[in-house]
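Taking it in order: structure first as structure tokens, then the write-up.
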Amino acid sequence: MNANGVEEQQKIKRDLAKHAVALAMKSRWDEAVAVNRSILTDYPDDLEACNRLGKALSELGHNRDAKDAFQQALAISPINVIAKKNLDRLKRLADETPRSGPRSNATPQVFIEESGKAAV
Numbered sequence: 000m001n002a003n004g005v006e007e008q009q010k011i012k013r014d015l016a017k018h019a020v021a022l023a024m025k026s027r028w029d030e031a032v033a034v035n036r037s038i039l040t041d042y043p044d045d046l047e048a049c050n051r052l053g054k055a056l057s058e059l060g061h062n063r064d065a066k067d068a069f070q071q072a073l074a075i076s077p078i079n080v081i082a083k084k085n086l087d088r089l090k091r092l093a094d095e096t097p098r099s100g101p102r103s104n105a106t107p108q109v110f111i112e113e114s115g116k117a118a119v
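In numbering that gives the first Met the number 0, the protein residues as written are 0 to 119.
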């Protein structure tokens, strides 16, 4: 590829990155995921795209996939502070997530009962 071709590819990558950021700023997370995945298809070592992808996935509640994206960022750059902080945040969220099901066994006697009609 000649110099013009390389410059054109870099411009396309920059434009896609700007578009991904703009989508994120508008909370259009599904689209941001798609754009960042597109970037990573052509540039699998793009650290910023990994971080953006992780953020977008976490905003959608896809925390396992977000964790994978941040781990990919750390594989590229083990000292990446953004990925480390986001992985810590995801771990805290996982630790704080309540279990499904009843929290306690309530007895019927603890409920307040009032006779009469209920109206909306």
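Idealized CB from N, CA, C, for every residue including glycine.
I'd like to check one pair, residue j with residue i: are the Cβ atoms closer than 8 Å?
i, j, result
"N35", "L52", "yes"
"K83", "L92", "no"
"L22", "A16", "no"
Measuring straight from C-alpha to C-alpha, what distance separates residue i and residue j?
i, j, result
"M24", "L56", "14 Å"
"H18", "E47", "13 Å"
"I11", "E95", "41 Å"
"E7", "N85", "32 Å"
"H61", "R27", "15 Å"
"D41", "K90", "30 Å"
"S76", "D29", "26 Å"
"I81", "N1", "34 Å"
Classify residue i: buried if its beta carbon has 16 or more other beta carbons within 10 angstroms, exposed otherwise.
i, result
"I78", "exposed"
"D45", "buried"
"Q9", "exposed"
"R5", "Note on identity: in this sequence residue 5 is Val, with Arg being the wrong assignment. It is exposed - the Cβ of V5 has fewer than 16 other Cβ atoms within 10 Å."
Could you say which of the options lies nearest to residue i if we only look at CA atoms?
i, options, result
"K66", "D87, D29, A31 and A16", "D87"
"C49", "H61, D41, A68 and V32", "A68"
"R13", "R27, I38 and A31", "I38"
Where does residue i sit, in a helix, a strand or coil, going by DSSP?
i, result
"R27", "coil"
"K10", "helix"
"H61", "coil"
"I75", "helix"
"N1", "coil"
"D45", "coil"
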